[in-house]
Amino acid sequence: MAWCEFSTKASAQEIGARNLGHRLTTFRNGTHAALIAVLNSQRKVLKLTLRTVAARMPKHLGWDHTTLAKVESGRRNISFVEVRALATILETNVGSLDLAIEALENAKFAATSAPRRKK
1 MAWCEFSTKA SAQEIGARNL GHRLTTFRNG THAALIAVLN SQRKVLKLTL RTVAARMPKH
61 LGWDHTTLAK VESGRRNISF VEVRALATIL ETNVGSLDLA IEALENAKFA ATSAPRRKK
């Protein structure tokens, strides 16, 4: 996918996995903020609380409401596996998230790259 970079080995603490040295894909490039914004807005549209979403996450990921709060605030990275699980809970899929992220980034680029008039 165009909006993710691969991390071959993320720490267990970083990805929320219980198995040390667990290999997963994580999002580390500039689109991370856009991904979080899209996930957060989707959660709010569905009127789900942090605790509700965290309770629906697969148990093997070891998430609680504080983990989701850290993700939404940008203090914790998120893996591809976690994004897939969140997408299912938020009644969407990774492809739809990708389109929403791309639209958000294009809008941001258009707003910041507009030509400036000379005085």
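Position 6 of the sequence shown, counting from 1, maps to 6 under the working numbering, and the rest follow consecutively. Note that the Cβ used here is the ideal one computed from N, Cα and C, for glycine as well. The structure displayed is predicted, hence computed values, not measured ones.
From what residue to what residue does the alpha helix (DSSP H) around I89 run? 80-89
Do L50 and L68 come within 7 Å of each other at the CB atom, strictly closer than that value? In this structure, L50 lies closer than 7 Å to L68 by Cβ.
Check whether the Cβ atoms of Q42 and L90 lie closer than 7 Å to each other. Cβ distance < 7 Å, so Q42 and L90 count as in contact.
Could you say which of K108, T112, H65, F109 lies nearest to L86 if we only look at CA atoms? That would be H65, whose Cα lies nearest to the Cα of L86.
Beta-carbon proximity list for I36, same chain, < 8 Å, skipping 5 on both sides: Around I36: V71, E72, G74, I78.
Counting C-beta neighbours from all protein chains within 10 Å, is the total for V38 16 or more, i.e. buried, or is it exposed? buried
For the candidate residues K59, I101, A110, A111, whose alpha-carbon lies nearest to that of N40? I101
R84 versus T112 - alpha carbon distance: 30 Å
Own chain partners of K108 with C-beta closer than 8 Å, once the 5 adjacent residues on each side are dropped: A34
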